Every structure is written in C-alpha cells, then in structure tokens.
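S.K.: Let me give you the structure first, and then I'll get to my questions.
Number of protein chains: 2
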Amino acid sequence: MNAATTLPREVALLERLAGGFGRSSLQYNQRHESDAELIRLPGTTSVLALTTDAISEEIESGLYTDPYFIGWMTVLVNASDLAAVGAAPIGILLSQTLPSSMADRELEALQRGVRDACSACGLPVLGGDTNFGTRLHMGACAVGLIENGRPLTRRGATAADRLFASGPLGLGGAFAFARLIQPDTAPPAFQPASRLVEGQVVRRYATCCMDTSDGVLATLDELSRLNGVGFALHAVEEILHPAAFAAARAAGLPPWFMLAGPHGEFELLFTVPEQAVAAFRAEARGLGWEPQEIGAARPQPEISIWMNGCSARLDTRAIRDAYADAGGDARAYLARLLRLNETVTLCDSP
Amino acid sequence: MNAATTLPREVALLERLAGGFGRSSLQYNQRHESDAELIRLPGTTSVLALTTDAISEEIESGLYTDPYFIGWMTVLVNASDLAAVGAAPIGILLSQTLPSSMADRELEALQRGVRDACSACGLPVLGGDTNFGTRLHMGACAVGLIENGRPLTRRGATAADRLFASGPLGLGGAFAFARLIQPDTAPPAFQPASRLVEGQVVRRYATCCMDTSDGVLATLDELSRLNGVGFALHAVEEILHPAAFAAARAAGLPPWFMLAGPHGEFELLFTVPEQAVAAFRAEARGLGWEPQEIGAARPQPEISIWMNGCSARLDTRAIRDAYADAGGDARAYLARLLRLNETVTLCDSP
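The following block contains the structure:
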C-alpha cells in the first residue's frame, strides 16, 4: 500500500478501538471528520457541538509542568475544538484526578488556570467529577451550540480554495522542542487563546476547518486525506511566528520543524473559496482580527512549502507518524525528523 | 457547628475546588442539586442533561479489576446520572487513558464492556479522546435531552412524600465489602443495568430523585440535607437484595452496612406524593417494572430504619464521612462502621 491508501497511525488505532461502537442517527459528522462531534437536536434546528480532551500525556512526558498552565490548557484544548466547528460556547464539565500529595498552592494555581481560561473563552463550568489518585489527570468536556446554518467540518475543501490560519504558527512546536529536547533553554512564551469568536465567523465562509492541536503538518495531512486535495504553503518565514522562527535558528534546526511536532499551537487552519475571500476579510477586520493567508489548495494531494527560493515537497504522512514511530521519545523523534529533512524534495516546481 | 449546619466532607471539598468558577445563566440547577447538569437550550423549550464521571479510584483501589466490567461501568455510571434527572439518552463521549502494557485481549474486553453497556443503555458513542499513559483511566461524558416538561432534581421532596427505590438495594455495598475486605470470598454477581427508561417515568411523578452511586445512606443524607426532611425506612431485610442480605449474614456484619458503602448499586431513590402513587405504580407496571416502596419522608431531618422490631436512628452524616475519615482504607473504614453501629439508637420511637 502507498501513503495515499494507508491510514495515519493514530487514525488506524482509533478505528480499531472504536470500530465496533454503534453510531447515532442524530450525528451530523462521520468519525474523524470534525474537531467536535455534531449532534442534531431532535425537535429543533440547532446542532449541538461536543468534545472531550484530556491533559494527560503532556503531564506524564514533562511537557506541561506549571499547574496554572495545566489548568489553562485543560480548558483551551476543548475550546479549540468548539472553535473549529464554529460553535458558540455553552459551557464545560471538568473531570479532575488530583494526587493527594498536591500542595495547596499548586491546587490553587491549577484551579486559577481553569477559571481564567473559562472566563477568557466564555465557557462557564457547568459541573464535573473529582477523583483522587497517584497522578494528576485533567479532562474536560466542552459543549457548544450552532443555532442556525451549516456546521463547519474538516471536509468540503476544493482544489481552488485559498488556505488561511487564524494566527502565526509554530509556537507550540517551538515550546515543545525547548521543553523536551533543550531543557536548559527557556521555552518561548506560550499560552494560546481560544479562537471561539473567530471560528463563528470562519464557519460562514470556510469550506473546511481543523485546529492545529496536533501540529500544522499533521493537520494539513489530515485535511489533504479527507478532501483529496493538496496544499502549497507560502514561505516558511512568512508563516512562522517570529519567536518560533528565532527558536529554530538558535537551535540550528530547519524552520519547518516548528510546524512538524505533534504539539501544535491551537490555531485554526481553514480554506475559503476565492469569491468569498474579500467578504471574509472584511468581516474579520470588523473583529480587529487579521487572518493569515498561508497558501492555497491544489488538485495534486501533496503538501509543499516555499523554502530557500524553492517549492519543497514534505512527506507529511511520514512526518506525522514519526513521533509514534520513535516510540514517543523526543530525541529519537528529532533524529527521525533530521533524516526526513534530507529527503525533502527541493525545486520540483518553480 | 452541629451536623445540620456542617457540610458533608466531599461537598465541602467540591465547594472549595469549584467555588471560584463562574456559573451559566442557562443552567437550571444549582451545584450539588441534581445528578446531571441541566442546561436550557437557547431558542428551544428543551433542556440538555450533561454529566461526566470517571472510573479511576475504583481501579486504583482494586475494587474493579475485570476489564469488561470496567468498560461496562464507565458507561453505566454516566447513564445512571442521566436516569436520575429523567433525560432521554442522546449519546456518550469516551476519554480513555490506556497503559501501553495492556494486553490486546484485555483491551478487547474493555472495549466490549463499553460497547455492550452503550447498546444496553441506548447511548451511542459520539466520539472521544484516547491517550496513553502508565495507568488505566476511563472517563466519559454522557448527554441526554428533556424535550418537554420539568427536569427532575434532588430538590422538591415534602415531608408527606413516600420514598421509593428503582430496585432492591445493597448489592454494590456487598460487592465492595467482598472485594476489599474479604478478598478470599467470591463477591456477589454485580453488573448493574441503567434505569434510563424508568427515570423518564419517574420524572413525571417524583418530587426529587438521586442515584445511589455513592451508597444508599449517603444518598438519603444528601436528599435530607437538600430538602430539609428526614426519611423513615422500612425493615432492612425488605429493602436489601437477598444476595446482599445473605452476604452480610455470612460475614457476620449488621445488614445495614450494605447500605452504608461509598460504593452503591446505581439504583434511583425518589419521593412520590401520596396522591400520585397509584398512577405512578400503574405506569411502572406497564413497563414491566415494580418500583420498591422503601419508606416515607418525615418532617424531622433524621434517617431511621426498622431493625429488630425497632425504628433505629442512623447518623448518616457520620456514616457518610467515615470512608474519608478512614483515609480511604477499607479495614479502617470497617472498624469505624463497627463503632458507629454501637451508637445506633434503637427503639426511640415505636
């Protein structure tokens, strides 16, 4: 089988785990086809958006250590999924497992992080479940509503669409590289904000949308797989957040590595048809928001990026699977990326 | 402070953890006042029911060991909360953390338990989140809908109401006693079914309802606290499941210990006004279901049970707090219950 017919590793695993479960006739989306689950509400024209996401591997791996930040991210990762379907926020349920050894000061910082993120996202805490155990585990379930109109999913892009990001990219990758590979280097400041307000505007113009929680290149690989299109990205230095670009340079790493990681920046990537771009930009400007055009869709299902004056093709499937292939070890993962960098095809098209 | 003004330990802790969080103006219930969170859906007359519950302490303590049963209970504990508010089931989101050491056979049994419970409860899997870590952690978030009429909460009982249970009681307690205190004894068969269908009938007749996930006496203590009423229970041998009564006798324990557990049987306890009892029973009979009348509400906020030909008063607040006071140690907990048994006031009223 070639890359086009093989499922990405995590999609294949989830298919194995969930394959036997029954589906709901109320569900609007198929599995993997949207960031939040979309449920038609009987007797109404509304669609409910539901998502659940936990901060667990990030704590175990040492990527997240600060209790305030862990609390903040518990809310943010769920808010980001609601943003990607264009839902208005309703609220959040928390599922916390607290170690009995946790100091009061840390517990207060954790709850403060949750509270501040809820308040920033407009997601009141509706309820939750608190357990005690040996390890900290933070889960949540966020709920949103789409009262009118079509929900936004990961499917619907055409090869003629233009590609946007809700903000500069690469900070999530730069943060993870510093934390896990260069622990003596201070990571760049990273505390993402939700794109819930922007997502509700995006929904009315975009043909597909997905958040970059798993990294930009994994997101583009998934959108390419689901839509049967490719993406040609603008120059890497234009797309990257200046701090991510500087971090790559300081570490002597190819800048595109900042887009490769499995830890993303929680921005939205979405496609807008040519004829809708002007109206979309005007409405975004009304919010004081400047979406970034980062490239365009292409009929050929390949991902390329402009580097060193060339269009360089990236094997996003291999890049996406590299972390799992490295057994989740950060240094083995970096070695794999460096090998993949040698195979990047440069200048196959002007 | 006396028991009437002191909060139960877990309520006080949750108040401390959640006290700073903002509330939603769409929320129908106050904190602790219903088993599932009740959210008015803007632009509709429907109320959404949401709950999240994890199987975490039960795994760490060794109470739950069988993967199929862990999968089953992950769904059931959430379904039970929807049942207690009388919601129709919509679906469930899973949040699994799987240890990489888990054998394929165990993983398959776990997923089969989830699948069978979902199918038995009519709760399709809408989506979820899968992580990998050192310990198994199973969380879920269940969603239900109340399309018309008043949601059912833990508040609304009057001192003239009659008290019902959806089925015989004490099996959850008997199971936990066998598992944690007498590991050489086979626990009674225990695989609770959801009361989702019954809950939708209960909602139209009952004044308050709560599931017994935390044990019967903790449930009655909470209903007493929230409603300012007491409960006089019928004879313990009438209320208990025969297998729970037999287990208590075989272990030489007072039978009421089977109602004391922090691990309950996932039945519903609810109050029905005198004038609604006949219609309620008739409709229940139509479902082939025989709700059990287990006692009556009383103006005095005390819990009593008929034992040895006497009405015995139980200090449910002390019983409820005993597990936390024992630091979660099963043998220290049993020692506390035995001391509390000596203080049970017998025959203070005929």
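If you read the protein sequences in the order shown, they are chains G and C.
Here the working numbering = 1-based position in the first sequence + 1.
Here the working numbering = 1-based position in the second sequence + 1.
Even glycine gets a Cβ: it sits at the ideal position worked out from N, Cα and C.
All values derive from a computational prediction rather than experimental measurement.
Under the three-state reduction of DSSP, which class applies to Val48/C: helix, strand or coil?
M.R.: Translated into the one-based positions of the second sequence, residue 48/C becomes position 47. Strand, per DSSP.
S.K.: In whole angstroms, what is the alpha-carbon distance linking Pro90/G and Leu221/G?
M.R.: In the first sequence, residue 90/G corresponds to position 89, counting from 1. In the first sequence, residue 221/G corresponds to position 220, counting from 1. Rounded to the nearest angstrom, the two C-alpha atoms are 26 Å apart.
S.K.: Check the Cβ-Cβ distances between Asp215/G and every residue of chain C, and say whether any is below 8 Å.
M.R.: Here residue 215/G is taken as the residue at index 214 of the first sequence, counted from 1. No, its Cβ sits nowhere closer than 8 Å to a Cβ of chain C.
S.K.: Which residue spans inside the segment 114-149 of chain G form an unbroken beta strand (DSSP E) run of at least 3?
M.R.: 126-134 and 138-147
S.K.: Taking only three categories from DSSP, how would you classify Arg156/C?
M.R.: Taking the second sequence and counting its residues from 1, one reaches residue 156/C at position 155. In the structure shown, Arg156/C sits in coil (DSSP, three-state: anything other than H, G, I, E or B).
S.K.: Considering only residues of the same chain and omitting the five flanking positions on each side of Ala160/G, which have a CB-CB separation below 7 Å?
M.R.: On the first sequence, residue 160/G is found 159 positions in, with the first residue counted as 1. Result list for Ala160/G: Val230, Ala298, Arg299 and Pro300, in chain order.
S.K.: Determine the direct distance from the alpha carbon of Leu94/C to that of Arg180/C, and round the result to whole angstroms.
M.R.: Working through the second sequence from its first residue, we reach residue 180/C at position 179. Working through the second sequence from its first residue, we reach residue 94/C at position 93. If you take the alpha carbons of Arg180/C and Leu94/C, they lie about 29 Å apart.
S.K.: Cβ of Arg337/G within 8 Å of Cβ of Leu227/G?
M.R.: Your numbering for residue 337/G matches position 336 in the first sequence. Your numbering for residue 227/G matches position 226 in the first sequence. Result no, Cβ atoms of Arg337/G and Leu227/G do not sit closer than 8 Å.
S.K.: Can you tell me whether Met259/C is helix, strand or coil according to DSSP?
M.R.: Within the second sequence, numbered from 1, the residue matching residue 259/C stands at position 258. Of the three classes helix, strand and coil, the one that applies to Met259/C here is helix, per DSSP.
S.K.: Taking three-plus beta-carbon pairs below 8 Å as touching, is the segment 119-132 of chain C in contact with the segment 190-197 of chain C?
M.R.: yes
S.K.: Return the chain-ordered list of same chain residues with a C-beta closer than 6 Å to the C-beta of Val237/C, the five sequence neighbours on each side being excluded.
M.R.: As a position in the second sequence, residue 237/C is number 236, starting the count at 1. Same-chain partners within the cutoff: Pro256, Trp257, Ile306 and Met308.
S.K.: Excluding sequence positions up to five away, which residues of its chain have a Cβ less than 6 Å from the Cβ of Ala55/C?
M.R.: The residue given as residue 55/C occupies position 54 in the second sequence. Answer for Ala55/C: Gly140, listed in chain order.
S.K.: For Pro188/G, which beta-bridge partners are listed by DSSP?
M.R.: Taking the first sequence and counting its residues from 1, the one referred to as residue 188/G is at position 187. In DSSP, Pro188/G forms no bridge with anything.
S.K.: Return helix, strand or coil for Met103/C, following the three-state DSSP convention.
M.R.: On the second sequence, residue 103/C is found 102 positions in, with the first residue counted as 1. Met103/C falls in the coil class under three-state DSSP.
S.K.: So which of Ala279/C, Gly128/C and Val217/C has the shortest CA-CA distance to Gly174/C?
M.R.: Walking along the second sequence from the start, residue 174/C turns up at place 173. Nearest of Ala279/C, Gly128/C and Val217/C to Gly174/C, Cα basis: Val217/C.
S.K.: Mind listing which residues of the segment 113-125 of chain C have their C-beta closer than 7 Å to chain A's C-betas, in chain order?
M.R.: Looking at the structure shown, chain A is missing, and the protein chains on hand are G and C.
S.K.: Return yes when the Cβ of His138/G is within less than 8 Å of the Cβ of Thr45/C, no when it is not.
M.R.: Against the second sequence, residue 45/C aligns to sequence position 44. Against the first sequence, residue 138/G aligns to sequence position 137. The answer is no: Cβ separation not under 8 Å.
S.K.: Let me see if you follow: with CB-CB separation under 8 Å, is Met2/G close to chain C or not?
M.R.: The residue you call residue 2/G lines up with position 1 of the first sequence. Summary for Met2/G: the model assigns pLDDT 34, below 50, so the residue's position carries little reliability; its value from the coordinates is reported in the next sentence. Nearest CB-CB separation between Met2/G and chain C: not below the 8 Å threshold.
S.K.: Does Gln28/C have its Cβ less than 8 Å from a Cβ in chain G?
M.R.: Here the question's residue 28/C lines up with position 27 in the second sequence. So yes, Gln28/C belongs to the interface.
S.K.: Give the interface partners of Ile40/C over in chain G, defined as CB-CB distance under 9 Å, in chain order.
M.R.: The sequence position of residue 40/C within the second sequence is 39, counting from 1. By Cβ distance, chain G contributes Ile91, Gly92, Leu127 and Val144.
S.K.: Cβ closer than 8 Å: which chain G residues qualify as neighbours of Thr344/C?
M.R.: The residue given as residue 344/C occupies position 343 in the second sequence. Result: empty, since nearest Cβ-Cβ is about 28 Å, beyond 8 Å.
S.K.: Determine the direct distance from the alpha carbon of Ala50/C to that of Thr131/C, and round the result to whole angstroms.
M.R.: Walking along the second sequence from the start, residue 131/C turns up at place 130. Walking along the second sequence from the start, residue 50/C turns up at place 49. If I take the Cα positions, the gap works out to 24 Å.
S.K.: Count the other CB atoms within 10 Å of the CB of Pro292/C; is the residue buried (16 or more) or exposed (fewer)?
M.R.: As a working mapping, residue 292/C is identified with position 291 in the second sequence. Pro292/C is buried by the Cβ-count criterion.
S.K.: Around the Cβ of Thr317/C, are there at least 16 other Cβ atoms within 10 angstroms (buried) or fewer (exposed)?
M.R.: Looking up residue 317/C in the second sequence gives position 316. Buried: at least 16 other Cβ atoms inside 10 Å.
S.K.: Cβ of Arg24/G less than 8 Å from any chain C Cβ?
M.R.: Here residue 24/G corresponds to residue number 23 of the first sequence, with the count starting at 1. Judged by the 8 Å Cβ criterion, Arg24/G is in contact with chain C.
S.K.: Keeping to the same chain, check which residues put their C-beta closer than 6 Å to that of Asn3/C; ignore five residues upstream and five downstream.
M.R.: The count along the second sequence starts at 1 and reaches residue 3/C at position 2. Bear in mind that the predicted position of Asn3/C carries a pLDDT of just 39, short of 50, making it too unreliable to give a figure here.
S.K.: Closest to His242/C by C-alpha separation, out of Pro189/C, Gly253/C and Glu199/C, would be which residue?
M.R.: Numbered from its first residue, the second sequence carries residue 242/C at position 241. Here the closest residue by C-alpha is Pro189/C.
S.K.: Between Ser35/G and Ala88/G, what straight-line distance do the alpha-carbon atoms span, to the nearest angstrom?
M.R.: Here residue 35/G is taken as the residue at index 34 of the first sequence, counted from 1. Here residue 88/G is taken as the residue at index 87 of the first sequence, counted from 1. Taking the Cα positions, Ser35/G is about 12 Å away from Ala88/G.
S.K.: Note down, in chain order, every chain G residue with its Cβ under 9 Å from the Cβ of Glu58/C.
M.R.: For the purposes of this step, residue 58/C is taken as the residue at position 57 of the second sequence. Neighbours of Glu58/C on chain G, chain order: Thr98, Asn132, Phe133 and Gly134.
S.K.: According to a CB-to-CB cut-off of less than 9 Å, which residues of the segment 257-272 of chain C neighbour chain G?
M.R.: none
S.K.: List the residues of chain C that Arg223/G touches, going by C-beta distances under 9 Å, in chain order.
M.R.: Within the first sequence, the letter at position 222 stands for residue 223/G. Note that residue 223/G is Glu in the sequence shown, not Arg. At a C-beta separation below 9 Å, Glu223/G has no neighbours in chain C, since its nearest C-beta there lies roughly 15 Å away.
S.K.: Cβ of Gly63/C less than 8 Å from any chain G Cβ?
M.R.: Taking the first residue of the second sequence as position 1, residue 63/C is located at position 62. Closer than 8 Å: no.
S.K.: Which term fits Asn149/C, buried or exposed, when burial requires 16 or more other beta carbons within 10 angstroms of its beta carbon?
M.R.: One-based indexing of the second sequence puts residue 149/C at position 148. Asn149/C is exposed by the Cβ-count criterion.
S.K.: Measuring only the C-alpha atoms, how far is Ser101/G from Gly20/C?
M.R.: Locating residue 101/G in the first sequence gives position 100, counting from the first residue. Locating residue 20/C in the second sequence gives position 19, counting from the first residue. Their Cα atoms are separated by approximately 19 Å.
S.K.: Taking its Cβ as the centre, do 16 or more other Cβ atoms sit within 10 Å of Pro43/G, making it buried, or is it exposed?
M.R.: Walking along the first sequence from the start, residue 43/G turns up at place 42. Exposed is the call here.
S.K.: Enumerated in chain order, which unbroken segments of the alpha helix (DSSP H) with a length of 4 residues or greater are wholly contained in the segment 184-255 of chain G?
M.R.: 197-203, 217-228, 237-240 and 243-252
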